[in-house]
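Asks: Taken in sequence, the protein lines are chains A and B. Using numbering that gives the first Met the number 0, you'd call the opening residue of the first sequence number 0 and step up by one each time. Using numbering that gives the first Met the number 0, you'd call the opening residue of the second sequence number 0 and step up by one each time. Where a beta carbon is used, it is the ideal one built from N, C-alpha and C, also for glycine.
2 protein chains.
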Amino acid sequence: MAQDRLEQQIRFVLEIDALKGVLRRTYLLHVDRPENSAEHSWHVAIMAVLLAEHANEPVDTSRVVRMLLVHDVVEVDAGDTYVYDTAGAAAKAERETRAADRLFGLLPEDQGRELRALWEEFEEGRTSDARFAAALDRLMPVLHNVHTAGRSWREHGITADRVIARNSRMAEGSEALWEYARSLIEGAVTHGHLAPVRTRA
Amino acid sequence: MAQDRLEQQIRFVLEIDALKGVLRRTYLLHVDRPENSAEHSWHVAIMAVLLAEHANEPVDTSRVVRMLLVHDVVEVDAGDTYVYDTAGAAAKAERETRAADRLFGLLPEDQGRELRALWEEFEEGRTSDARFAAALDRLMPVLHNVHTAGRSWREHGITADRVIARNSRMAEGSEALWEYARSLIEGAVTHGHLAPVRTRA
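#1: In three-state terms, what does DSSP make of B/N144?
#2: Tell me, to the nearest whole angstrom, how far the beta carbon of B/R23 is from that of B/H42; I am working on the premise that it is less than 8 Å.
#3: Consider the Cβ of B/A86: report whether some Cβ of chain A lies at a distance smaller than 8 Å.
#4: Going by DSSP, what residue range makes up the alpha helix (DSSP H) through B/G68?
#5: Going by DSSP in three states, B/E26 sits in which element: helix, strand or coil?
#6: Give the C-beta separation of B/R65 and A/V48 to the nearest angstrom, bearing in mind that I take them to be a contact with Cβ-Cβ under 8 Å.
#7: How many Å lie between B/S36 and A/H192 at the Cα?
#8: Does the beta-carbon of A/H155 have 16 or more other beta-carbons within 10 angstroms, so that it is buried, or is it exposed?
#9: Using a beta-carbon distance below 8 Å, is A/R38 in contact with chain B?
#10: By the 10 Å Cβ neighbour count, where 16 or more other Cβ atoms means buried, how is A/H190 classified, buried or exposed?
#11: Quick one: does B/I184 have its CB under 8 Å from some CB of chain A?
#12: Can you tell which of B/E56, B/V63, B/M46, B/A77 has the C-alpha that lies nearest to the C-alpha of B/V21?
#13: How should B/R101 be labelled, buried or exposed, when 16 other C-beta atoms within 10 angstroms of its C-beta is the threshold for buried?
#14: In the DSSP assignment, find the alpha helix (DSSP H) that holds A/N166 and state where it starts and stops.
#15: What are the start and end residues of the alpha helix (DSSP H) that includes A/E34?
#16: Counting contacts by CB-CB distance shorter than 8 Å, is B/N55 in contact with chain A?
#17: Hey, how far is the Cα of A/H143 from the Cα of B/E14?
#18: Determine which residues share a DSSP beta bridge with A/A194 and list them.
#19: With DSSP collapsed to three states, give me the class of B/G186.
#20: Determine the burial state of A/V196: buried for a count of at least 16 other Cβ atoms within 10 Å of its Cβ, exposed for fewer.
#21: Can you tell which of A/S127, A/V63, A/H146, A/K91 has its C-alpha closest to the C-alpha of A/A170?
#22: Would you say B/M66 lies against chain C (beta-carbon separation less than 8 Å)?
#23: Note down the Cα distance separating B/A132 from A/G87, rounded to an integer number of angstroms.
#24: Going along chain B in order, which residues have a C-beta closer than 8 Å to the C-beta of A/W118?
#25: Are A/H70 and A/S173 close, meaning C-beta to C-beta below 8 Å?
#26: For A/L138, I'd like the list of residues in its chain whose CB is within less than 7 Å of its CB, leaving aside the five on either flank, ordered along the chain.
#27: Please confirm if B/G104 has its CB atom under 8 Å from at least one CB of chain A.
#28: What residues of chain B sit near A/Y83, judged by a beta carbon separation below 8 Å?
#29: Short of 8 Å in beta carbon distance, which residues of its chain neighbour B/Y83, apart from the five on each side in sequence? Order them along the chain.
#30: Would you please verify whether the beta carbon of B/V48 is less than 8 Å from any beta carbon of chain A?
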């Protein structure tokens with residue numbers, strides 16, 4: 000029985016290795032390539048440990064860390080949907096639900112249920128833990144863009160109005176982090192790394 | 000003051016982005032490239048969440064997760080030292096101590112001290128949390144090797160006696176995981192993916 004559980008757990012561990020091959024739109028700071036979702040998940044998890052004091056409401060840091068460790072796991076099957084891709088977003092929920100069924104279904108039932116609940120909580124964004132986790136998930140791409148002279152924003156023709164519309168919800172998890180991010184976004188516009196508004200129809 | 004802290008924290012967050020460019024010797028399962036230390040850290044952290052029940056002694060899973068999130072951060076400056084590289088291992092401690100001074104020194108003093116203590120605890124391996132974290136850190140490369148037909152072992156001429164000598168300490172953190180890993184290592188020898196013993200002088 001213990002051996003069965005271990006086999007199921009290892010099966011999941013092997014399967015999610017594929018998250019290292021799921022590429023995001025953001026570029027790394029010290030290496031010239033796009034980021035993948037596994038290393039991104041590590042980064043935001045460590046940010047939760049460091050930045051929890053900036054959450055609007057008290058958060059359970061350990062839960063936020065776990066939530067961020069699993070928040071992108073469904074991308075193993077569903078792929079990464081660019082946050083500014085409104086067409087892709089429509090089918091995203093269905094793809095991700097199927098992915099969650101399969102992936103969390105590999106685990107022993109109690110653990111699959113627990114991790115899936117954390118992922119759903121993150122997606123729904125109704126708890127203070129989920130709102131803070133989502134704020135970190137939004138902050139990091141802003142940092143990556145700002146510190147690569149707006150590389151991903153420019154490649155995809157993203158303008159400041161859209162960056163602000165997308166990221167202002169960061170304030171629901173952390174006013175302090177949103178204030179910081181907004182000043183960086185304004186700086187990117189000033190430096191010509193981010194176009195202020197869409198110039199084509 | 001809060002703003003100073005945030006600036007220090009973000010500085011650290013930006014700096015450790017470089018861990019995504021530190022390559023390990025192991026190969027990924029679903030993508031044809033070596034693993035980097037950031038995505039590895041994500042993987043072992045999620046393994047801690049899933050596999051804690053197999054630890055020899057009760058562990059504080061949240062501490063183990065944090066420990067694993069930071070356990071390789073010093074590689075940003077010190078690089079990855081291959082576990083079978085005995086020459087490199089000699090200078091490793093000194094390189095990593097200097098890296099820890101610089102990197103953890105970027106953080107607000109209380110947080111730098113806390114993360115450094117977790118890293119040192121991992122390195123010293125004297126607590127049950129550290130022993131279990133180290134067991135996971137050893138298990139994953141065995142899994143990667145076994146499921147890539149011994150690719151990294153074969154590339155570096157590593158033999159089963161060395162794999163067993165290196166990894167048997169896994170049992171200090173988890174007898175169950177070592178038993179599982181040992182059976183995989185034996186299977187790799189049976190399948191010809193791992194040479195049983197060194198054949199050259």
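Replies: In this structure, then:
#1: In this structure, B/N144 counts as helix in the three-state DSSP scheme.
#2: Not really, about 11 Å apart at Cβ, beyond 8 Å.
#3: Closer than 8 Å: no.
#4: Going by the sequence as given, residue 68 of chain B is Leu instead of Gly. Segment 60-69, the alpha helix (DSSP H) holding B/L68.
#5: Note on identity: in this sequence residue 26 of chain B is Tyr, with Glu being the wrong assignment. Residue state, collapsed to three classes: strand.
#6: Correct: roughly 6 Å between the Cβ atoms.
#7: One C-alpha to the other measures close to 30 Å.
#8: Of the other Cβ atoms in all chains shown, fewer than 16 fall within 10 Å of the Cβ of A/H155; this residue is therefore exposed.
#9: The question names Arg, yet the displayed sequence has Glu at residue 38 of chain A. With 8 Å as the cut-off, A/E38 counts as an interface residue toward chain B.
#10: By the 10 Å Cβ count, A/H190 comes out exposed.
#11: With 8 Å as the cut-off, B/I184 does not count as an interface residue toward chain A.
#12: Comparing Cα positions, the closest option is B/A77.
#13: Classification of B/R101: exposed, given that the 10 Å Cβ count is below 16.
#14: Looking at the DSSP string, the run of the alpha helix (DSSP H) that includes A/N166 is 159-166.
#15: Per DSSP, A/E34 belongs to no alpha helix (DSSP H); it is in the beta strand (DSSP E), 33-35.
#16: Chain A contact via Cβ: absent.
#17: Taking the straight line joining both Cα atoms gives about 11 Å.
#18: Its beta-bridge partners are A/T158.
#19: Of the three classes helix, strand and coil, the one that applies to B/G186 here is helix, per DSSP.
#20: Counting every other CB atom within 10 Å of its CB across the protein chains shown gives A/V196 a total below 16, marking it as exposed.
#21: Nearest neighbour of A/A170 by Cα position, chosen from A/S127, A/V63, A/H146, A/K91, turns out to be A/S127.
#22: This model lacks chain C altogether, as its protein chains are A and B.
#23: If you draw a straight line from the Cα of B/A132 to the Cα of A/G87, it comes to about 39 Å.
#24: Neighbourhood of A/W118 in chain B, by CB distance below 8 Å: empty, with the nearest CB roughly 12 Å away.
#25: Their beta carbons are not under 8 Å apart, which means A/H70 does not touch A/S173 by this criterion.
#26: Taking C-beta separations shorter than 7 Å and ignoring five residues to either side along the sequence, the partners of A/L138 in its chain run M169, L176, A180, following chain order.
#27: Not an interface residue.
#28: What A/Y83 touches in chain B: nothing, since even the nearest Cβ is about 22 Å away.
#29: Answer for B/Y83: H155, I157, R161, R165, listed in chain order.
#30: Cβ-Cβ to chain A under 8 Å: yes for B/V48.
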